[in-house]
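Engineer: -10 is the number of the first residue of the sequence shown in our numbering; add one for each residue after it.
Glycine is no exception: its CB is placed at the ideal position from the N, C-alpha and C atoms.
Before I ask anything, let me first share the structure, which is written out below as structure tokens.
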Amino acid sequence: MQIAFIGLGNMGAPMAINLHKAGHSVKAFDLSADALAKVKAEGLQVATSAQDAVQGAEAIVTMLPASQHVEGLFLGSGNLLASIAKGALVIDSSTIAAATSQKVAKAAEAAGIDFIDAPVSGGTGGAIAGTLTFMVGGTDAQLQRARPLLEKMGANIFHAGAVGAGQTAKICNNMLLGILMVGTSEAIALGVANGLDPKVLSEIMRRSSGGNWALEKYNPFPGVHENAPASKGYAGGFGTDLMLKDLGLAQENAITTKASTPLGGMARAIYAAHSIAGHGGEDFSSVIKMLQKKG
Ligand code: NAD
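And the structure:
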């Protein structure tokens, strides 16, 4: 299948590479020349613009930072929808506001294009391994069209509901992830302040009632998990500012629905302070720095 892939960051690049490895013809585009060079080295075709990427594409996958990037790409001055062939399928895997997914999907429908939201979970490790979890919003028929491509990038595919529902599931998950990373960091920092070995303590908690995904795969303390961002100077991974965006989306949603999400609100405030302190570009597990004893 001819596929356009737009947004080749920490997540998009490995996802595009997996589609290429599965035998699809992938034409990739990103605003960053470095990102383009990286996928070109893996054998993908690179486009000169988003318009160029979508020429003749039967499916378009987007993996962009936030709502404004997705809305700007499809509905902004470039009017990308006008360059996409009628009958094509757009899979947006970015984490954005459900309302933005619905707005773009409506415009796509008017242009005869299928648009689904399919945000992911599983981190950069899951993107590289092709084991992501997809949370899809769209019709049964649209998901059926997307499934063969999603299966090349992920291991779990859930149909959350109509368009936008994937985004709602995703912000619920990420609100929980943001909270549990702060809680895990607090517990490790407390143990270390008492002289405990972070590796030993993490293993005790992992196998006890505090066990969670961060302790399994993404320990915030450097050196506990060799491949976690914490052991690589908090480079790559999932940026603090992206987590802050997701916690903001959860809070906006909670205000609209009058839901009570006190820990989600507190977690947002903690990541905001961490971002202001200069850590917005680091992986979100660097939030442990806020909680560690200095000196
Ligand atoms: P990233 O910042 O590493 O990559 C985003 C890429 O999009 C960049 O390379 C940027 O140059 C490109 N871009 C921005 N605007 C563009 C445009 N108009 N045209 C072409 N390219 C454009 O972000 P990421 O970590 O890959 O995350 C992407 C999305 O996936 C976000 O919504 C994030 O919340 C979500 N997500 C990330 C992770 C993770 O672990 N990193 C996990 C799950 C979901």
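Name the residue from Ala77, Gly114, Gly101, Ile49 whose alpha carbon lies nearest to the alpha carbon of Ser83.
Structural biologist: Here the closest residue by C-alpha is Ile49.
Engineer: What residues in its chain sit with their C-beta under 8 Å from that of Leu25, if we drop five residues either side in the sequence?
Structural biologist: Contacts found: Leu(-3), Ala17, Phe18, Asp19, Val35.
Engineer: Measuring only the C-alpha atoms, how far is Ala285 from Thr51?
Structural biologist: Beyond the ends of the chain as shown, which are -10 and 284, falls residue 285; an answer cannot be given.
Engineer: Would the C-beta of Phe18 count as close to the ligand NAD, meaning under 7 Å from any of its heavy atoms?
Structural biologist: Yes, the Cβ of Phe18 comes within 7 Å of a heavy atom of the ligand NAD.
Engineer: Suppose you measure from the CA of Lys92 to the CA of Phe210; what does that come to, to the nearest Å?
Structural biologist: So the two alpha carbons sit approximately 41 Å from each other.
Engineer: Starting from the Cα of Ala144, find the closest Cα among Tyr260, Ala116, Leu166, Leu280 and give me that residue.
Structural biologist: Among Tyr260, Ala116, Leu166, Leu280, the Cα nearest to that of Ala144 belongs to Ala116.
Engineer: Going by other Cβ atoms of all chains shown within 10 Å of its Cβ, with 16 needed for buried, is Ser174 buried or exposed?
Structural biologist: Buried: at least 16 other Cβ atoms inside 10 Å.
Engineer: Is Thr120 helix, strand or coil by DSSP?
Structural biologist: The answer is coil: DSSP assigns Thr120 none of H, G, I, E or B.
Engineer: If you follow the beta strand (DSSP E) that Leu78 is part of, which residue opens it and which one closes it?
Structural biologist: Leu78 -> beta strand (DSSP E) spans 78 to 81.
Engineer: Report yes if the C-beta distance between Gly300 and Asn(-1) is below 8 Å; otherwise report no.
Structural biologist: With the chain covering -10 to 284 only, the question about residue 300 has no answer from this structure.
Engineer: Is the beta carbon of Leu139 less than 8 Å from the beta carbon of Ile146?
Structural biologist: In contact: Leu139 and Ile146 (Cβ atoms closer than 8 Å).
Engineer: Following a CB-centred definition, is Gly212 positioned closer than 7 Å to any heavy atom of the ligand NAD?
Structural biologist: No; taking the cut-off as 7 Å, the Cβ of Gly212 has no heavy atom of the ligand NAD nearer than that.
Engineer: Along the chain, where does the alpha helix (DSSP H) containing Asp106 start, and where does it finish?
Structural biologist: That residue, Asp106, is in no alpha helix (DSSP H); its beta strand (DSSP E) goes 103 to 106.
Engineer: Pop quiz: Met170 and Phe273 are said to be a contact at Cβ under 8 Å. What is the actual Cβ separation, rounded to whole angstroms?
Structural biologist: Right, the Cβ-Cβ distance comes to about 6 Å (below 8 Å), so this counts as a contact.
Engineer: Which of helix, strand or coil does DSSP assign to Lys367?
Structural biologist: What is shown of the chain runs -10 to 284, which leaves residue 367 out entirely.
Engineer: What span of residues does the alpha helix (DSSP H) with Gly172 cover, start to end?
Structural biologist: That run of the alpha helix (DSSP H) goes 154 to 182.
Engineer: Is the Cβ-Cβ distance between Ala135 and Ile168 less than 8 Å?
Structural biologist: Not in contact: Ala135 and Ile168 (Cβ atoms no closer than 8 Å).
Engineer: Under 7 Å: does the beta carbon of Thr113 sit that close to some heavy atom of the ligand NAD?
Structural biologist: Thr113: yes, Cβ under 7 Å from the ligand NAD.
Engineer: State the start and end residues of the unbroken beta strand (DSSP E) segment that holds His328.
Structural biologist: An answer regarding residue 328 cannot be provided, because it is not within the stretch -10 to 284 covered by the chain.
Engineer: From the DSSP secondary-structure annotation, give me the bridge partner or partners of Gly272.
Structural biologist: According to the sequence provided, residue 272 is Asp. The question's Gly does not apply to it. DSSP output for Asp272 lists Gly228 as bridge partner(s).
Engineer: Glu192 and Tyr223 - do their beta-carbons sit closer together than 8 Å?
Structural biologist: No, they are not a contact pair.
Engineer: Taking 7 Å as the line, does the beta carbon of Asp103 fall inside it for any heavy atom of the ligand NAD?
Structural biologist: Answer for Asp103: no, Cβ out of range of the ligand NAD.
Engineer: Alpha carbon to alpha carbon, how far is Asn216 from Ala118?
Structural biologist: Asn216 and Ala118: Cα-Cα distance of roughly 13 Å.
Engineer: Spell out the partners DSSP gives Thr51 in its beta bridges.
Structural biologist: Bridge partners of Thr51: Ile(-5), Asp81.
Engineer: On a CA-only basis, which of Asp186, Ala203, Ala248, Val109 is nearest Lys159? Give me that one, please.
Structural biologist: Out of Asp186, Ala203, Ala248, Val109, Val109 has the C-alpha closest to the C-alpha of Lys159.
Engineer: Look up Phe210 in the DSSP assignment and say whether it is helix, strand or coil.
Structural biologist: It is coil, neither helix nor strand.
Engineer: Does the beta-carbon distance from Gly127 to Val152 come in below 8 Å?
Structural biologist: The answer is yes: Cβ separation under 8 Å.
Engineer: I need the straight-line Cα distance from Gly199 to Leu62, nearest angstrom please.
Structural biologist: One C-alpha to the other measures close to 42 Å.
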